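Inspection log for the structure reproduced underneath, given as structure tokens.
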Amino acid sequence: MDMSKLPKIRDEERESQFGYVHGVSGPVVTATAMAGAAMYELVRVGHSELVGEIIRLEGDMATIQVYEETCILILLQLQVTLFRTVLITSV
């Protein structure tokens, strides 16, 4: 899948729905302030807009599988915002 063809956060109406990165462990990111999120919702992480998918929800905490390299998130962990954007894909 060519990630460069996905719409950017700035182009989405739902960019106000965001959470905060709580922890990073390899390709798995935990985020807080995710109340209202749904399982398998696609999200974008950080200013690089790394694409990920919610794989677990517990209260307002979400566990996200990120499909791109997360090294930059480990370095910037305290400053990273997680943007929730519902991306509709065909199956």
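Count the sequence shown with this note's numbering and you get residues 2 to 92, in order.
Ideal placement from N, C-alpha and C gives every residue a C-beta, glycine not left out.
Keep in mind that this is a model prediction, so the values were computed, not measured.
Sub-9 Å separation of residue i and residue j beta-carbons
| i | j | result |
| --- | --- | --- |
| T31 | G37 | no |
| T64 | I73 | no |
| Y41 | E59 | no |
| V29 | Q66 | yes |
DSSP state of residue i mapped onto helix, strand, coil
| i | result |
| --- | --- |
| V81 | Confidence at V81 is low in this model, with a pLDDT of 49, below 50, so the placement of that residue should be treated as unreliable; the coordinate-derived value is given next. Coil at V81, not helix or strand. |
| E16 | For E16, the pLDDT reaches just 48, beneath the cut-off of 50, and the residue's location in the model is therefore unreliable, leaving the point undetermined. |
Whole-Å CB distance - residue i paired with residue j, under 8 Å assumed
| i | j | result |
| --- | --- | --- |
| E69 | V52 | 6 Å |
| M35 | G47 | At roughly 15 Å, the Cβ-Cβ gap does not stay under 8 Å, so M35 and G47 are not in contact. |
Beta-bridge partners of residue i, as assigned by DSSP
| i | result |
| --- | --- |
| T31 | G24 and T64 |
| I55 | I65 |
| L43 | E54 |
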